[in-house]
Amino acid sequence: MSRRFTYEGVVLVAPYSEPYVRYSHQSAHWWIARALRGTLAAAGLNKDEVDGFCASSFSLMPDTAVGLTQHLGLCLRWLDHIPMGGASGVVAIRRAARAVQAGDANVVACVAGDTNHIDSFRRLLGGFSRFASDAAFPYGGGGPNMSFALLTDHYMRTFGATREDFGKICVAQRNNALHAPAALMKKPLSLEDYLGARMIADPIALFDCVMPCAGGEAFLVMREDRAIALGLPFARIAGAIERHNAHASDPIQTRGGWSMDVDDLYDQAQTGPEGIDVMQTYDDYPVISMMQFEDLGFCAKGEGPEFVRRHDLTIGGDFPHNTSGGQLSGGQAGAAGGYIGLTEAIRQVTDTAEGTQVAGARRALFSGFGMINYDRGLCTGAVILEGARP
Amino acid sequence: MSVPPPPKKNPLERTRAPQLPPQTRSRAALGLSVAAAEGRFALQHCAECGTVQYPPRDACVSCLSHDLRWRDTDPKGKVLAQTTVRISATVYFRERGDWRVGMVQLDAGPSVVCHLHKDTPPDAPVRLINRLDRAGQSVLIALPHDSPYSLKDDPQLQTMTSAPRHRRILITDGRNPNAPALARALIKAGAASVFVGEAETWLPSPQRAALEDMDGVSLLPLDVTDTRSVKTLAAELGGKTDILINNARFMRPGGVLARGDTTFAAQEMEVNYLGLMRLAQAFGPAMCGRTAGGDNSAVAWVNILSVYALSNDPAYGCYAASHAAARSLTQNMRADFAGAGLRVMNAYVGPTDDAWHDPLPPPKVAAGALARSIVGGLEDGLEDVFCGDVAQDFITRYRENPDITEREMTALGGNQ
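Each protein sequence line maps, in turn, to chains A and B.
The first sequence lines up with residues 1 to 390 when you count with the working numbering.
The second sequence lines up with residues 391 to 806 when you count with the working numbering.
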């Protein structure tokens, strides 16, 4: 494989999270507008200075990013719509960074946002994808809970993971969420609470599931000299990978596309897992976070349970993970679930995370996972961010 | 392991509104439902490279060929993972409680999300079957590998069938020679009661004594050519008919030129086509209204059709034409009943073993064999049943090429 260009000279700034709510009568457009306004305010920019825009949302129908340009009064020379769910954040970075690097855009606003009306999640499930409506949803109508129950059941029996192992991930994230003002779930969670919760789709119980909610996340991509001129703390992209439909011949998912590209990722960043100070995984279910520990090189395949047992995943622990509470304690605001760990990662490496700040965090790994098209997540990606202050 | 009889319905409780499992399928996936209607396990096979694929696609996942064929496929596999869905996003599954779902890796290649029979532990060898759910759409179901297991012995999966067990069943024509065999087979299959309609009750009927002798069978006046008679019985019975089997038939041999006028044809249409319509209009709404009444519910409507409804047999040309009309009406009924989840099962037969087919050589379908096919089809949840060697042979040829079949049938005045 020929070596690719680095992402040198391009940075991420002005992470913004519009506080989530469980149900919202507003539209996705409203949430995206709030998030866009938030990131612009954080950067001190006027929206006329944005010439590139990238949106991700599940509840924007019938609009796409195109409709948003007119809706929000954006005149752009670069526009993208990324319908990749939990992988949207990583993919947005990769595309926007190249656009800025090549001079196709000066400032790209990357935004993900979704609303959550009463009953809108159920409607989304039935029509999520063609394979889902043909071959998954008719079987119990369980949606992603059913799909991840199957993956979790298989993972547990194959690699000896226990509910306590997954519980440790969830409990640590709830502890982290208690320090994050915006996290939706602020009630302390004990391992006993976790283990005693009602079953949703065995072995998935209540606290293994993310809560659908409404929210928005945004950040800006620009040249480093511009960020310096604006006096903004920024994160450099040390490495980034994406992969779609990896390991298609695996009969059931035990690994994601990260495992194909992990060496490339650390190669680009010229570091290894030991060089990561804080990790933000895509945590729609704890088994997926465990797979990311394995596939991104923190332990071997099958050693995820042991890795979790050996480490403290809280903000102050030896392996700080999903420091804002992640989706499991912060809520899943649709496509914003692909951004929640990213805005937090930018804050961590720029030392602006306040209550959830990991002391001395300089390098963060953020990974994304998206789209259970039929029986497995198809889109994976990861990015290593390094912080700098102007 | 059999399913217990349903509790008596409490008339003070609200009758549950019909709910269906998810209905949406792509056009490609309808190929699976076509096979499910006959109980076949078929998957897409690429004609160019042989890849077997699932879920259904519009191109081969290996070579991108669009030449994809639905072929019967080895149903063996093993359970890779299982779950019990306890909280469903759909009302249908919520009403039905915990629901077992699994992922099976087929020996033929693909991994399949499917309903799991209750006796299928992890890593167990299983065989998949392809059936219609209450939405009338294909679902794949894993049964234990050993052959005696069926949908009947899992209370959850049994809801996908129209098994006669504990059901109240109406047979519309007690004068048809097949009526006693049908009633006997239904009682044997556990039907709670069998009502048999009889037209012109003042006339002698060769079947009456046999029917009156059977426990659980009662004869009631019903003339499908008389709208008032049909409505009268529907008023009495419509709200408790779980399965209706329309065996009313008027037939005379001969095609267009064998007859001098349209008298017989009018009677054929009166019974075979308009009779069906009268029954559907009188009983259909009541049956559709109680498809979700828990265990006490309407499940199926059965039509017995000549296989020559598909392509005319000139020796019985006018009769076949009336059945072609009736068959078209059953397609309409399927659409009208679909929203309630009331299944329309068509049992296609060749020549039956009775006086009107005397001149024909064997094989012919005996009444007992027809009854077994119908009960089997109901227990298996099928939509199309081809009963006997002639119907089986016909449908094989018809599927291969309907136009050639038509020419075979009509060349030199017919194939007999």
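For every residue, glycine included, the Cβ atom is placed at its ideal position computed from N, Cα and C.
Quiz item: Apart from the five residues just before and just after Ala-353 of chain A, which ones in its own chain have a Cβ nearer than 6 Å to its Cβ?
Solution: Translated into positions along the first sequence, residue 353 of chain A becomes position 353. Non-local beta-carbon contacts of Ala-353 of chain A in its own chain, meaning distances under 6 Å to residues more than five positions away in sequence, involve Arg-347 in chain order.
Exercise. Take every Cβ of the stretch 29-38 of chain A, pair it with every Cβ of the stretch 68-88 of chain A, and state whether three or more of those distances are shorter than 8 Å.
Key: With a cut-off of 8 Å, the stretch 68-88 of chain A and the stretch 29-38 of chain A count as touching, because enough Cβ pairs lie within range.
Quiz item: beta strand (DSSP E) containing Ile-118 of chain A: first to last residue?
Solution: Here residue 118 of chain A refers to the residue found at position 118 of the first sequence. Segment: none, Ile-118 of chain A is in no beta strand (DSSP E) and carries neither H nor E.
Exercise. To the nearest angstrom, report how far apart Glu-438 of chain B and Thr-615 of chain B are at their CA atoms.
Key: Looking up residue 438 of chain B in the second sequence gives position 48. Looking up residue 615 of chain B in the second sequence gives position 225. About 54 Å.
Quiz item: Any residues in the stretch 133-145 of chain A with a beta carbon nearer than 8 Å to a beta carbon of chain B? Which ones, in chain order?
Solution: For the stretch 133-145 of chain A, which is checked against every Cβ of chain B, the residues closer than 8 Å are Ser-133, Asp-134, Ala-135, Ala-136, Phe-137, Pro-138, Tyr-139, Gly-140, Gly-141, Gly-142, Gly-143, Asn-145.
Quiz item: Can you list, in chain order, the residues of its chain whose CB lies under 7 Å from that of Asn-805 of chain B, leaving out five sequence neighbours each side?
Solution: Taking the first residue of the second sequence as position 1, residue 805 of chain B is located at position 415. Low confidence applies to Asn-805 of chain B: its pLDDT is 47, below 50, so where it sits in the model is not reliable, and the reading given next is rough at best. The answer, listed in chain order, is Glu-798, Met-799.
Quiz prompt | 8 Å Cβ cutoff met for Thr-405 of chain B and Ala-432 of chain B | solution = For this step, residue 405 of chain B is matched to residue 15 along the second sequence. For this step, residue 432 of chain B is matched to residue 42 along the second sequence. Not in contact: Thr-405 of chain B and Ala-432 of chain B (Cβ atoms no closer than 8 Å).
Quiz item: What residues match up with Pro-611 of chain B in a beta bridge as DSSP calls it?
Solution: To locate residue 611 of chain B, count along the second sequence from 1; it is residue 221. Per the DSSP secondary-structure output, Pro-611 of chain B pairs in a beta bridge with B:Glu-588.
Self-check item: Cutoff 8 Å; reference Ser-423 of chain B; Cβ partners in own chain excluding five residues on either side
Solution: Sequence index remark: in the second sequence, residue 423 of chain B carries index 33 (1-based). Closer than 8 Å at Cβ, skipping near neighbours: Arg-415, Leu-522, Gly-526, Gln-527, Ser-528.
Quiz item: Taking Cβ-Cβ distances shorter than 8 Å, what residues in chain A pair up with Gln-527 of chain B?
Solution: Numbered from its first residue, the second sequence carries residue 527 of chain B at position 137. Annotation: Cβ neighbours of Gln-527 of chain B in chain A (cutoff 8 Å, chain order): Pro-138.
Self-check item: Interface positions of the stretch 119-132 of chain A facing chain B (Cβ-Cβ less than 8 Å), listed along the chain
Solution: Taken in chain order, the members of the stretch 119-132 of chain A whose beta-carbon sits within less than 8 Å of a beta-carbon on chain B are Phe-121, Arg-122, Leu-125, Gly-126, Gly-127, Arg-130, Phe-131.
Practice problem: Just confirm the distance between the C-beta atoms of Ala-335 of chain A and Gly-85 of chain A, as a whole number of angstroms; I'd bet it's less than 8 Å. | Solution: The residue given as residue 335 of chain A occupies position 335 in the first sequence. The residue given as residue 85 of chain A occupies position 85 in the first sequence. At roughly 6 Å, the Cβ-Cβ gap stays under 8 Å, so Ala-335 of chain A and Gly-85 of chain A are in contact.
Self-check item: Partners in chain B for Ile-252 of chain A, counting only beta-carbon separations shorter than 7 Å
Solution: On the first sequence, position 252 is the one that residue 252 of chain A refers to. The contacting residues are Leu-470, Ala-471, Met-493, Ser-501.
Quiz item: Can Trp-31 of chain A and Ala-182 of chain A be called in contact, C-beta distance under 8 Å?
Solution: Your numbering for residue 31 of chain A matches position 31 in the first sequence. Your numbering for residue 182 of chain A matches position 182 in the first sequence. At the C-beta level, Trp-31 of chain A and Ala-182 of chain A stay beyond 8 Å of one another.
Self-check item: Residue interval of the beta strand (DSSP E) (run including Arg-680 of chain B)
Solution: Residue 680 of chain B sits at position 290 when you count from the first residue of the second sequence. Unbroken run through Arg-680 of chain B: none, as it is neither H nor E.
Quiz item: Taking just the CA atoms, how far does Ala-589 of chain B sit from Pro-807 of chain B?
Solution: Since the first and last residues shown for chain B are 391 and 806, residue 807 of chain B lies out of range.
Quiz prompt | Sequence ranges, beta strand (DSSP E) only - wholly within the stretch 716-771 of chain B, length at least 3 | solution = If only complete runs of 3 or more residues are kept, the stretch 716-771 of chain B shows the beta strand (DSSP E) at 733-739, in order along the chain.
Quiz item: Assuming Pro-512 of chain B and Arg-157 of chain A make a contact with CB atoms under 8 Å, what is their CB distance in whole Å?
Solution: In the second sequence, counting from the first residue as 1, residue 512 of chain B sits at position 122. In the first sequence, counting from the first residue as 1, residue 157 of chain A sits at position 157. Yes, Pro-512 of chain B and Arg-157 of chain A are in contact; Cβ-Cβ is about 6 Å, under 8 Å.
Self-check item: Span of the beta strand (DSSP E) around Asn-693 of chain B
Solution: In the second sequence, residue 693 of chain B corresponds to position 303, counting from 1. Following the DSSP letters along the chain, one finds Asn-693 of chain B inside the beta strand (DSSP E) bounded by residues 690-696.
Quiz prompt | Interface residues of the stretch 200-216 of chain A facing chain B [CB-CB below 8 Å] | solution = If the cut-off is 8 Å between Cβ atoms, the stretch 200-216 of chain A has Ile-200, Ala-201, Asp-202, Pro-203, Ile-204 near chain B.
Quiz item: Considering only residues of the same chain and omitting the five flanking positions on each side of Arg-95 of chain A, which have a CB-CB separation below 7 Å?
Solution: The residue you call residue 95 of chain A lines up with position 95 of the first sequence. Contacts found: Cys-54, Asp-80.
Quiz item: Does Ile-372 of chain A come within less than 8 Å of chain B when only Cβ atoms are used?
Solution: Locating residue 372 of chain A in the first sequence gives position 372, counting from the first residue. So, not an interface residue.
Self-check item: Reduced DSSP secondary structure (H/G/I, E/B, other) of Met-222 of chain A
Solution: Working through the first sequence from its first residue, we reach residue 222 of chain A at position 222. Strand at Met-222 of chain A.
Quiz item: So His-713 of chain B packs on Asn-662 of chain B, CB below 8 Å; how close in whole Å?
Solution: Counted from its first residue, the second sequence places residue 713 of chain B at position 323. Counted from its first residue, the second sequence places residue 662 of chain B at position 272. With a Cβ gap of about 6 Å, His-713 of chain B and Asn-662 of chain B count as contacting.
Quiz prompt | Same chain, Cβ closer than 8 Å to Ala-781 of chain B, neighbours up to 5 away in sequence not counted | solution = In the second sequence, counting from the first residue as 1, residue 781 of chain B sits at position 391. Same-chain partners within the cutoff: Val-697, Tyr-738, Val-739, Gly-740, Val-755.
Quiz item: Along chain A, which residues have their Cβ under 7 Å away from the Cβ of Phe-483 of chain B?
Solution: Position 93 of the second sequence, counted from the first residue, corresponds to residue 483 of chain B. Gly-140, Gly-141, listed in chain order.
Quiz item: Could one say the Cβ of Ser-583 of chain B lies closer than 8 Å to chain A's Cβ atoms, at least one of them?
Solution: On the second sequence, residue 583 of chain B is found 193 positions in, with the first residue counted as 1. False, the Cβ-Cβ gap to chain A never drops below 8 Å.
Self-check item: Residues of the stretch 407-422 of chain B with Cβ closer than 7 Å to any Cβ of chain A, in chain order
Solution: Within the stretch 407-422 of chain B, the residues whose Cβ lies closer than 7 Å to some Cβ of chain A are Pro-411, Pro-412, Thr-414, Arg-415, Ser-416, Ala-419, listed in chain order.
Quiz prompt | Terminal residues of the alpha helix (DSSP H) in which Ala-97 of chain A lies | solution = Locating residue 97 of chain A in the first sequence gives position 97, counting from the first residue. Note, Ala-97 of chain A: alpha helix (DSSP H), 88-102.
Exercise. Kindly identify the DSSP beta-bridge partner or partners of Met-493 of chain B.
Key: Translated into the one-based positions of the second sequence, residue 493 of chain B becomes position 103. For Met-493 of chain B, which the question treats as bridged, DSSP gives the partners B:Ala-471, B:Val-503.
Exercise. Give the straight-line distance between the Cα atoms of Arg-376 of chain A and Tyr-482 of chain B, rounded to the nearest whole angstrom.
Key: As a working mapping, residue 376 of chain A is identified with position 376 in the first sequence. As a working mapping, residue 482 of chain B is identified with position 92 in the second sequence. Rounded to the nearest angstrom, the gap between the Cα atoms of Arg-376 of chain A and Tyr-482 of chain B is 25 Å.
Practice problem: Measure the alpha-carbon distance for Gly-67 of chain A versus Ala-109 of chain A and round it to whole angstroms. | Solution: The residue given as residue 67 of chain A occupies position 67 in the first sequence. The residue given as residue 109 of chain A occupies position 109 in the first sequence. The alpha-carbon atoms of Gly-67 of chain A and Ala-109 of chain A are separated by roughly 16 Å.
Quiz item: Do Val-491 of chain B and Tyr-374 of chain A have their C-beta atoms within less than 8 Å of each other?
Solution: Locating residue 491 of chain B in the second sequence gives position 101, counting from the first residue. Locating residue 374 of chain A in the first sequence gives position 374, counting from the first residue. In this structure, Tyr-374 of chain A does not lie closer than 8 Å to Val-491 of chain B by Cβ.
Practice problem: Starting from the C-beta of Leu-313 of chain A, find all residues in its chain whose C-beta is less than 6 Å away, skip the five residues before and the five after it, and write them out in chain order. | Solution: In the first sequence, counting from the first residue as 1, residue 313 of chain A sits at position 313. Closer than 6 Å at Cβ, skipping near neighbours: Ala-172, Phe-319, His-321.
Quiz prompt | Coarse secondary structure for Thr-380 of chain A, derived from DSSP in three states | solution = Within the first sequence, residue 380 of chain A is the residue found at index 380, counting from 1. In the structure shown, Thr-380 of chain A sits in a strand (DSSP, three-state: E or B).
Exercise. Would you verify that the beta carbon of Leu-151 of chain A is, or is not, closer than 8 Å to some beta carbon of chain B?
Key: On the first sequence, residue 151 of chain A is found 151 positions in, with the first residue counted as 1. So yes, Leu-151 of chain A belongs to the interface.
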